[in-house]
Amino acid sequence: MERAPIAVAEFSAPLFKTFNDDWLLLTAGKLEARQFNTMTVSWGCLGVLWSRPVAIAFVRPQRHTYRFMEESPDFTLTAFPPERHDALMLLGTKSGRDGDKVAESGLTPTASSKVGSPCFAEAHLVLECRKIYRDDLKPEFFLDPTIQGNYPTKDYHRFYLGEVVAIFGTERFRRVCR
Numbered sequence: 017m018e019r020a021p022i023a024v025a026e027f028s029a030p031l032f033k034t035f036n037d038d039w040l041l042l043t044a045g046k047l048e049a050r051q052f053n054t055m056t057v058s059w060g061c062l063g064v065l066w067s068r069p070v071a072i073a074f075v076r077p078q079r080h081t082y083r084f085m086e087e088s089p090d091f092t093l094t095a096f097p098p099e100r101h102d103a104l105m106l107l108g109t110k111s112g113r114d115g116d117k118v119a120e121s122g123l124t125p126t127a128s129s130k131v132g133s134p135c136f137a138e139a140h141l142v143l144e145c146r147k148i149y150r151d152d153l154k155p156e157f158f159l160d161p162t163i164q165g166n167y168p169t170k171d172y173h174r175f176y177l178g179e180v181v182a183i184f185g186t187e188r189f190r191r192v193c194r
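17 is the number of the first residue of the sequence shown in the working numbering; add one for each residue after it.
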């Protein structure tokens, strides 16, 4: 996959489609020791906070990736072309506790450029993020009571705010600035 660095000001993606329909992989940990985990995510945000480009990832406490997100100072978010959807489905339904789901997926973990958490060779978009804040969703702050329906066992997500320190992608993610 031919990826190139993309400046934040030149980055362009259909964000709602990318998160909700295409999905991403959230990955944290150390590639060299093969001590990392990845999971498919369809909830997330990209934006600007504290005058920094940020990504927000949400992880439930029972997910295997949660421990890696807690221990790692950084994470990556990677998006893939449609032909890799089956791999993302597998990585979202199997736990890394039960075996090497990454090997089973056929995806190739590789070193990121500015963070220790790996990305994947087959990705057509990589966001490298340094964690700058985390917190838990708190039900007492839900303004819409129907949100509680997402949490029948009260396993509220923790969210991780990461400063986007590098973006690599194919040309489809580069906006022509004029």
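Each residue gets a CB set at the ideal place from its N, CA and C atoms; glycine is no exception.
Measure the beta-carbon distance from residue i to residue j and round it to whole angstroms, keeping in mind my assumption that it falls under 8 angstroms.
| i | j | result |
| --- | --- | --- |
| T56 | G115 | 16 angstroms between Cβ atoms; not a contact. |
| T92 | P134 | 7 angstroms |
| A137 | A95 | The pair is not a contact, with the Cβ atoms about 13 angstroms apart (cut-off 8 angstroms). |
In the DSSP assignment, what are the bridge partners of residue i?
| i | result |
| --- | --- |
| P125 | F136 |
| V142 | T94, F184 |
Are residue i and residue j close, meaning C-beta to C-beta below 9 angstroms?
| i | j | result |
| --- | --- | --- |
| V70 | V180 | yes |
| P21 | I183 | yes |
| T186 | R19 | yes |
| A73 | L42 | yes |
| L40 | S28 | no |
| L62 | T126 | no |
| R50 | P89 | no |
Restricting to Cα atoms, I'd like to know which of the options is closest to residue i.
| i | options | result |
| --- | --- | --- |
| F52 | D38, R100, T186, T124 | T124 |
| L65 | R190, L177, F189 | L177 |
| S67 | Y82, V118, I148, P98 | I148 |
| L143 | S129, L153, K154 | S129 |
| F32 | H173, T94, R113, G60 | G60 |
| A44 | D38, E156, D102, V75 | V75 |
| F173 | D151, E87, F189 | Checking the sequence shown, residue 173 turns out to be His, not Phe. Of the candidates D151, E87, F189, the one whose C-alpha sits nearest the C-alpha of H173 is D151. |
Just to confirm the assignment: which complete alpha helix (DSSP H) runs, minimum length 4, are found wholly within the region 61-98? 80-87
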